[in-house]
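There are 2 protein chains.
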Amino acid sequence: MDGKPGLRERKKQRTHAAISDAAIALFLERGFNQVSVAEVAEAAEVSKRTLFAYFPTKEDLVVHRLADHETELARVVRARRPGTTPLTAVREHFLAGLRERDPITGLNDHPQVLRLTRMILDAPTLVARMDRFKAAAERALAQALQETADTPELTARLAAVQIVGVRWTLAQDNADHLARGESADSRSAGAVADAEQGFALLENGLRDLGSRH
Amino acid sequence: MDGKPGLRERKKQRTHAAISDAAIALFLERGFNQVSVAEVAEAAEVSKRTLFAYFPTKEDLVVHRLADHETELARVVRARRPGTTPLTAVREHFLAGLRERDPITGLNDHPQVLRLTRMILDAPTLVARMDRFKAAAERALAQALQETADTPELTARLAAVQIVGVRWTLAQDNADHLARGESADSRSAGAVADAEQGFALLENGLRDLGSRH
DNA sequence: AAGCAAATGTACACCAGGTGCAGAAATCGT
DNA sequence: ACGATTTCTGCACCTGGTGTACATTTGCTT
């Protein structure tokens with residue numbers, strides 16, 4: 002059906018990749034704020050105007066690579082085995098991610114990944130973009146919960162917020178450890194334990210949160 | 002000791018207020034993106050440079066009014082009566098906010114508030130800023146939990162993310178209802194019920210989230 | 001009351017992200 | 001091979017934000 006993408010389409014994809022690659026390379030080398038889009042455009046041999054035709058904002062030059070992850074949890078929940086609870090599906094997926102050193106779990110210590118993480122954290126506008134990203138993931142998950150767990154809308158949204166928040170925090174925490182020099186392998190056990198604790202908290206609630214003062 | 006603020010200080014506060022008021026008025030009238038900071042500066046009879054001396058970014062012209070709320074939950078948790086659980090303290094505080102129609106609960110239908118909410122939601126950069134705001138609230142709450150509930154750091158952060166997220170979602174939901182024309186009074190009962198449900202979810206966990214598919 | 005130091009405000013030039021527009025160049029279908 | 005359509009480009013322009021050098025105001029001292 003679509004055996005031939007057509008020259009136009011192919012060229013578009015090449016240009017897209019060329020711009021993105023040039024951008025990431027420059028950003029990693031000198032930092033997000035220290036590189037102007039004009040420089041990126043020049044490095045990619047494209048006009049500034051064309052660059053903005055492919056990527057609506059400078060931040061998108063980085064963030065578009067995570068676009069798939071935006072709906073990842075929603076897909077996991079939708080694809081769960083019958084009889085499985087959404088929370089269980091997400092937990093298992095996250096633990097699998099840890100084992101596979103999926104960068105999104107924060108447990109990947111390849112230099113490239115570490116530098117990328119560092120670069121993002123050093124750029125406030127990129128961090129802000131990540132928050133928007135997280136919010137979008139919440140919405141997607143909420144919808145998946147509502148549709149597959151027979152849950153009222155509000156409950157779905159509340160649950161989604163909690164689940165995404167916990168997963169995000171766990172990933173952040175792993176990334177923090179690695180940023181301080183720990184290796185993925187040595188962090189691994191702690192990461193698993195922390196994940197188990199986080200998901201247990203989600204499952205059992207905050208009932209046991211201290212009442213002393 | 003500080004009975005007299007001093008002329009310089011008073012003038013500063015007046016200028017600060019003048020700029021902020023001019024900004025809000027213009028933004029409400031024509032929308033955040035449709036007003037340039039230059040116009041705000043002119044309306045406040047101040048140079049652009051001075052405006053930026055008072056407010057680091059355009060968004061701050063709006064968001065600075067919420068600055069107090071950033072640490073609100075943290076303060077509530079710290080000031081809770083002995084023998085009270087952090088979660089209980091937050092729930093009671095939120096319910097009190099609903100009764101008092103505190104705008105931050107989303108249950109205030111004064112035209113000014115509605116228009117402000119609308120204005121913020123219509124401006125992506127402001128929404129992004131609210132997300133940053135939320136993240137800061139999470140950090141503050143996490144610290145309060147850690148210090149007053151004798152909780153390990155990660156647990157505190159996980160709990161904080163969940164609590165702030167739920168409260169935020171509840172407020173959003175109320176604001177949505179009012180934005181669709183419902184009055185605060187007619188929404189009130191539903192808001193309370195939803196809040197109870199949200200906090201119950203927090204307390205009891207997501208254990209009962211459907212496993213069917 | 002005078003006068004000086006510190007703080008504050010201003011004008012101006014400048015940078016970077018982003019957009020509108022008109023025309024050049026490439027691609028596509030025939 | 002050719003016209004129609006997309007895509008790319010250069011250019012002018014707007015806006016948020018900053019650096020700098022100078023003017024003004026305030027506070028304090030005597």
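Chains L and X, in that order, give the protein sequences. Position one of the first sequence corresponds to residue 2 (this note's numbering), numbered consecutively onward. Position one of the second sequence corresponds to residue 2 (this note's numbering), numbered consecutively onward. Positions of the beta carbon are idealized from the N, C-alpha and C atoms, including for glycine.
Cα-Cα separation, residue i to residue j
{"i": "X/N175", "j": "X/V167", "result": "12 Å"}
{"i": "X/A19", "j": "X/R66", "result": "14 Å"}
{"i": "X/G211", "j": "L/F56", "result": "39 Å"}
{"i": "X/A143", "j": "X/R116", "result": "32 Å"}
{"i": "X/R208", "j": "L/N205", "result": "6 Å"}
{"i": "L/G199", "j": "X/L146", "result": "16 Å"}
{"i": "L/D3", "j": "L/K13", "result": "Only weak support exists for where L/D3 lies, its pLDDT of 45 falling under 50; the value from the coordinates is given anyway. Approximately 16 Å, taken between the alpha carbons."}
{"i": "L/F74", "j": "L/V91", "result": "Position check: residue 74 of chain L holds Leu in this sequence, whereas Phe was assumed. So the alpha carbons of these two residues sit roughly 7 Å apart."}
{"i": "L/K27", "j": "L/V36", "result": "Note on residue identity: the sequence assigns Leu, not Lys, to residue 27 of chain L. The alpha-carbon atoms of L/L27 and L/V36 are separated by roughly 7 Å."}
{"i": "X/A137", "j": "L/R11", "result": "44 Å"}
{"i": "L/T51", "j": "L/I25", "result": "17 Å"}
{"i": "L/Q113", "j": "L/P104", "result": "10 Å"}
{"i": "X/E148", "j": "X/L159", "result": "15 Å"}
{"i": "L/T89", "j": "X/D177", "result": "31 Å"}
{"i": "L/H17", "j": "X/T118", "result": "37 Å"}
{"i": "X/R76", "j": "L/D69", "result": "38 Å"}
{"i": "L/F95", "j": "L/M131", "result": "19 Å"}
{"i": "L/T126", "j": "L/E43", "result": "22 Å"}
{"i": "X/G182", "j": "X/H111", "result": "12 Å"}
{"i": "L/A54", "j": "X/D195", "result": "44 Å"}
{"i": "X/K59", "j": "L/A97", "result": "43 Å"}
{"i": "L/A157", "j": "X/L202", "result": "11 Å"}
{"i": "L/N34", "j": "L/A180", "result": "20 Å"}
{"i": "L/R82", "j": "L/A141", "result": "19 Å"}
{"i": "L/R31", "j": "L/D61", "result": "18 Å"}
{"i": "L/T152", "j": "L/G7", "result": "45 Å"}
{"i": "L/E93", "j": "L/M120", "result": "29 Å"}
{"i": "X/Q124", "j": "L/A124", "result": "The sequence given here places Ala at residue 124 of chain X; Gln does not occur at that position. In a straight line, the C-alpha of X/A124 is about 21 Å away from that of L/A124."}
{"i": "L/R188", "j": "L/R9", "result": "47 Å"}
{"i": "L/L29", "j": "X/L29", "result": "41 Å"}
{"i": "X/L171", "j": "L/A190", "result": "36 Å"}
Same chain, Cβ closer than 7 Å to residue i, neighbours up to 5 away in sequence not counted
{"i": "L/R102", "result": "L108, N109, A185"}
{"i": "X/L1", "result": "The question about residue 1 of chain X has no answer, for chain X in this structure spans 2 to 214."}
{"i": "L/F134", "result": "V64, L67, E71"}
{"i": "L/W169", "result": "K135"}
{"i": "L/V47", "result": "T16, I20"}
{"i": "X/A192", "result": "L99, L108, N175"}
{"i": "L/Q173", "result": "G107"}
Any chain X beta carbon closer than 8 Å to residue i
{"i": "L/E60", "result": "no"}
{"i": "L/E197", "result": "no"}
{"i": "L/T16", "result": "no"}
{"i": "L/M2", "result": "Confidence at L/M2 is low in this model, with a pLDDT of 41, below 50, so the placement of that residue should be treated as unreliable; the coordinate-derived value is given next. No, its Cβ sits nowhere closer than 8 Å to a Cβ of chain X."}
{"i": "L/Q147", "result": "no"}
{"i": "L/A141", "result": "no"}
{"i": "L/T51", "result": "no"}
{"i": "L/L117", "result": "no"}
{"i": "L/V167", "result": "yes"}
{"i": "L/T152", "result": "yes"}
{"i": "L/G206", "result": "yes"}
{"i": "L/R181", "result": "no"}
{"i": "L/A129", "result": "yes"}
Cut-off 8 Å between Cβ atoms - residues of its own chain near residue i, not counting five sequence neighbours on either side
{"i": "X/R15", "result": "none"}
{"i": "X/E154", "result": "A143, Q147"}
{"i": "L/R79", "result": "A145, E148, T149"}
Interface flag, residue i vs chain L, CB-CB below 8 Å
{"i": "X/G107", "result": "no"}
{"i": "X/T158", "result": "Contrary to the premise, residue 158 of chain X reads as Arg rather than Thr in this sequence. It does; some Cβ of chain L falls within 8 Å."}
{"i": "X/P87", "result": "yes"}
{"i": "X/A192", "result": "no"}
{"i": "X/A136", "result": "yes"}
{"i": "X/G98", "result": "no"}
{"i": "X/L122", "result": "no"}
{"i": "X/D132", "result": "yes"}
Sequence-distant residues of its chain with Cβ nearer than 6 Å to residue i (five each side left out)
{"i": "X/E139", "result": "A161, V162, V165"}
{"i": "X/A45", "result": "A19, I20, A23"}
{"i": "X/E86", "result": "The sequence shown places Thr at residue 86 of chain X, not Glu. Excluding positions up to five away in sequence, the list is empty."}
{"i": "X/K49", "result": "A39, A42"}
{"i": "L/H197", "result": "Per the sequence shown, the amino acid found at residue 197 of chain L is Glu instead of His. For L/E197, where only same-chain residues beyond five positions count, there are no Cβ hits under 6 Å."}
Cβ-heavy atom distance, residue i to the ligand NAD, below 7 Å
{"i": "X/V167", "result": "What this structure holds is no ligand at all, so the ligand NAD is not there to describe."}
(request) Give, in chain order, every unbroken run of the alpha helix (DSSP H) that is at least 4 residues long and sits entirely within the region 98–150 of chain X. (result) 112–122, 125–149
(message) Ignoring anything shorter than 4 residues, give me the alpha helix (DSSP H) runs that lie fully in the region 39–103 of chain L, in order along the chain.
(response) 49–55, 61–64, 73–79, 87–100
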